[in-house]
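Asker: One structure, as structure tokens, below. Some questions next.
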Amino acid sequence: MNIRNQKLTRAGLVAAAIAAAFAVVPAAHAQKVVKLGVIMPMSGPNAAFGNTSLNGIKLAVEEFNAKGGVKSLGGAKIELVVADIPQPNAAAAATQRLISQERVSGVIGSFVSSVTIAASEVTERAGVPLITFAFADEITGRGYKNVFQVSPKGSVVGRAQFDYALGLSKQAGEPVKKVAILYEDTAYGTAQAKGLREGAKAAGIEVVVDEAYPLGITDATPLVNKVRASGAQMVFPVSYLNDSLLIIRTMRQQNITTPTIGGAAGYIIPDFKKGLGQYAENVLSISTASYDTAPAIGERYKAKYGAFMPHDALIFGAATEAMMQAVDQAKSDDPAKVRDALAKIKYCDGIAKGIPAGCVQFDQTGAAVGAKPVMVQWRGNDLVTVYPAELAKGKAIWGGAR
3 MNIRNQKLTR
13 AGLVAAAIAA
23 AFAVVPAAHA
33 QKVVKLGVIM
43 PMSGPNAAFG
53 NTSLNGIKLA
63 VEEFNAKGGV
73 KSLGGAKIEL
83 VVADIPQPNA
93 AAAATQRLIS
103 QERVSGVIGS
113 FVSSVTIAAS
123 EVTERAGVPL
133 ITFAFADEIT
143 GRGYKNVFQV
153 SPKGSVVGRA
163 QFDYALGLSK
173 QAGEPVKKVA
183 ILYEDTAYGT
193 AQAKGLREGA
203 KAAGIEVVVD
213 EAYPLGITDA
223 TPLVNKVRAS
233 GAQMVFPVSY
243 LNDSLLIIRT
253 MRQQNITTPT
263 IGGAAGYIIP
273 DFKKGLGQYA
283 ENVLSISTAS
293 YDTAPAIGER
303 YKAKYGAFMP
313 HDALIFGAAT
323 EAMMQAVDQA
333 KSDDPAKVRD
343 ALAKIKYCDG
353 IAKGIPAGCV
363 QFDQTGAAVG
373 AKPVMVQWRG
383 NDLVTVYPAE
393 LAKGKAIWGG
403 AR
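So for the sequence shown, my numbering puts the first residue at 3; every next one is plus one.
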């Protein structure tokens with residue numbers, strides 16, 4: 003093989019490798035399509051979240067296309083172009099490719115706050131709307147005009163995580179004076195821990211452990227030992243899946259039954275129960291949504307994917323609906339026009355009815371209007387909403403698995 007052919011072969015392999023990171027979910031018919039980009043961790047430690055999030059997005063698109071697609075554009079179908087972005091350092095290039103090569107009208111994602119922050123810098127410069135489930139306050143706190151956040155901000159989630167748990171402890175007749183906060187040190191964990199601290203300060207409760215740790219720990223024993231020694235009466239861990247499994251397993255193996263209130267993410271997906279078995283029982287967690295408050299939507303999801311609908315699938319499904327409705331209202335696939343329609347949208351139908359706010363709507367910063375979390379608790383293989391009272395589907399069991 004001559005040098006030129008060798009170079010061509012290597013170039014072809016590089017191009018193939020780049021292309022492999024993207025997958026197109028085609029429209030059902032060969033007609034005009036509107037492309038929406040999806041950025042998700044489809045591989046790596048957060049792949050479980052990426053897959054469930056994508057399932058919610060795909061369900062929304064399939065139902066939208068089945069109802070006639072973008073009617074203002076003659077029934078154009080929505081086509082998803084999915085980019086696997088497991089780490090923040092891959093976000094800029096992949097997002098740029100979606101915009102410049104795939105010519106997407108908008109971007110949906112990511113589950114991971116740090117990836118969303120990196121990707122949003124690209125979409126902002128390009129004038130392409132990005133809609134996300136990710137929590138970090140920074141996402142809509144930078145004055146960007148093209149970023150929209152459907153979930154409550156991380157500090158709001160953290161504050162609700164604390165306030166709801168305190169409400170449950172009072173219902174149980176068990177006053178709390180000391181708490182422990184454990185959080186992974188990324189944008190998500192840092193924002194949520196801020197809300198937890200604010201809740202403790204407002205209630206006059208002492209934070210006896212306030213510990214950040216690096217994402218992807220392999221041994222939770224040092225963290226759990228600090229909790230045990232502190233005398234904390236509630237524990238608030240904020241973690242992705244692998245860390246959540248380690249923390250809860252270590253606590254249960256040490257017979258620590260202190261009420262544990264997870265920070266969403268790793269605590270409220272089917273893989274948490276699969277990984278812990280009986281140790282998951284009675285673990286509480288904050289959640290941005292819950293399938294038991296939207297049974298019809300949850301049943302459609304379960305029939306298609308064989309598991310309950312996690313909060314990320316619900317929220318991303320609602321976010322996708324809002325983006326598609328914005329395309330329809332804009333009567334265009336021009337990203338600038340879609341962005342303007344999305345900024346004004348108030349969508350209260352379909353999957354969006356199943357989120358606690360009941361609608362997808364944004365303020366002038368792109369933050370969600372009316373977004374509020376719920377508290378859920380593991381019972382067998384299901385999550386039950388236990389707080390606030392107006393959304394509760396069952397009574398909380400106070401205390402850890404026994």
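Glycine included, every Cβ here is placed at the ideal spot set by N, Cα and C.
Checking contacts by CB at 9 Å: is K172 closer than that to chain D?
Answerer: As a matter of chain content, chain D is missing from the structure shown, which is built from one protein chain.
Asker: Distance check for C350 and N244, CA to CA, integer angstroms please.
Answerer: Rounded to the nearest angstrom, the two C-alpha atoms are 35 Å apart.
Asker: Can you find the residues in the same chain that come closer than 6 Å, C-beta to C-beta, to N4, ignoring five residues on each side of it along the sequence?
Answerer: Because the pLDDT of N4 is 45, which lies under 50, any placement of that residue in the model is unreliable, and the number read from its coordinates should be weighed accordingly. Answer for N4: no residue qualifies.
Asker: Using a Cβ-Cβ cutoff of less than 6 Å, which residues in the same chain neighbour K155 once the five nearest sequence positions on both sides are dropped?
Answerer: Hits under 6 Å: D139.
Asker: Looking only at DSSP bridge pairs, what is S2 linked to?
Answerer: Outside the displayed span of the chain (3 to 404) sits residue 2, for which this structure offers no information.
Asker: Pick out whichever of S241, Q235 and L82 has its Cα sitting closest to the Cα of Y215.
Answerer: Among S241, Q235 and L82, the Cα nearest to that of Y215 belongs to S241.
Asker: Please list, in chain order, all residues of the same chain as Q331 whose beta carbon is under 6 Å from its beta carbon, the five residues on each side excluded.
Answerer: Correct list, in chain order: A343.
Asker: From which residue to which residue does the beta strand (DSSP E) around T142 run?
Answerer: Note, T142: premise wrong, no beta strand (DSSP E); not H, not E.
Asker: Around the Cβ of D335, are there at least 16 other Cβ atoms within 10 angstroms (buried) or fewer (exposed)?
Answerer: Its Cβ being crowded by 16 or more others within 10 Å, D335 is buried.
Asker: Could you compute how far the alpha carbon of A68 sits from the alpha carbon of V36?
Answerer: Roughly 15 Å separates the two Cα atoms.
Asker: Just to confirm the assignment: which complete beta strand (DSSP E) runs, minimum length 3, are found wholly within the region 323-378?
Answerer: Runs found: none.
Asker: Whole angstroms are fine: how far does the CA of A78 sit from the CA of K172?
Answerer: Taking the straight line from one Cα to the other gives about 54 Å.
Asker: Is E176 near Q235, with beta carbons less than 9 Å apart?
Answerer: Their beta carbons are under 9 Å apart, which means E176 touches Q235 by this criterion.
Asker: Thinking C-alpha only, which one of R105, N91 and F113 is nearest F51?
Answerer: Nearest C-alpha to F51: F113.
Asker: Helix, strand or coil, according to DSSP, for Y190 in the structure here?
Answerer: Y190: helix per DSSP, three-state reduction.
Asker: Any chance you could list the beta strand (DSSP E) runs of at least 3 consecutive residues sitting entirely within the region 76-117, in chain order?
Answerer: The qualifying runs are 79-86 and 108-111.
Asker: If you follow the alpha helix (DSSP H) that L61 is part of, which residue opens it and which one closes it?
Answerer: Counting along the chain, the alpha helix (DSSP H) containing L61 begins and ends at A49 to A68.
Asker: How about the region 158-165 and the region 85-99: do they share at least three Cβ pairs that are nearer than 8 Å?
Answerer: Cβ pair count under 8 Å is below three, so no.
Asker: On the CB-based measure, 16 or more other CB atoms within 10 Å of its CB, does K221 come out buried or exposed?
Answerer: Residue identity check: residue 221 is Asp in the sequence provided, not Lys. Exposed.
Asker: Out of P337, K333, K339 and G372, which has the shortest C-alpha to C-alpha gap to K348?
Answerer: Selected option, being the one with the closest Cα: G372.
Asker: Would you report the Cα separation of T97 and P375, rounded to the nearest angstrom?
Answerer: So the alpha carbons of these two residues sit roughly 29 Å apart.
Asker: Express the C-alpha separation of V229 and V210 in angstroms, rounding to a whole number.
Answerer: Looking at the two C-alpha atoms, the distance is approximately 8 Å.
Asker: In three-state terms, what does DSSP make of A32?
Answerer: The predicted position of A32 is uncertain, since its pLDDT is 48 and thus under 50; a value taken from the coordinates is nonetheless stated next. Correct three-state label for A32: coil.
Asker: Between which residues of its own chain and V388 is the CB-CB distance below 8 Å, once the five residues before and five after are set aside?
Answerer: Correct list, in chain order: L170, L286, M377, V378, Q379, A394, K395, G396, K397 and A398.
Asker: Using the rule of at least 16 other Cβ atoms within 10 Å of the residue's Cβ for burial, across every protein chain shown, is D365 buried or exposed?
Answerer: It is exposed - the Cβ of D365 has fewer than 16 other Cβ atoms within 10 Å.
Asker: Considering P272, what are the terminal residues of the alpha helix (DSSP H) in which it resides?
Answerer: Element bounds for P272: P272 to L278.
Asker: Specify the secondary structure class of M253 as computed by DSSP and reduced to three states.
Answerer: If DSSP states are grouped into helix, strand and coil, M253 belongs with the helices.
Asker: Under 9 Å between the Cβ atoms of A315 and S55?
Answerer: In contact: A315 and S55 (Cβ atoms closer than 9 Å).
Asker: Pick out whichever of Y303, A121 and A167 has its Cα sitting closest to the Cα of G264.
Answerer: Out of Y303, A121 and A167, A167 has the C-alpha closest to the C-alpha of G264.
Asker: DSSP puts G39 in a beta bridge; with which residues?
Answerer: G39 pairs with V83 and V109.
Asker: Got a sec? Which residues, its chain only, sit under 6 Å from G277 by beta carbon, not counting five neighbours each side?
Answerer: If we look at G277 and ignore the five residues flanking it on each side, its Cβ neighbours are L247.
Asker: Does the distance from the CB of A321 to the CB of F66 come in under 9 Å?
Answerer: The answer is no: Cβ separation not under 9 Å.
Asker: Buried or exposed: S289, going by 16 or more other Cβ atoms within 10 Å of its Cβ?
Answerer: Classification for S289: buried.
Asker: If you run the structure through DSSP and keep just helix, strand and coil, what is P177?
Answerer: In the structure shown, P177 sits in coil (DSSP, three-state: anything other than H, G, I, E or B).
Asker: Where does the unbroken alpha helix (DSSP H) through A231 begin, and where does it stop?
Answerer: Here the alpha helix (DSSP H) through A231 covers T223 to S232.
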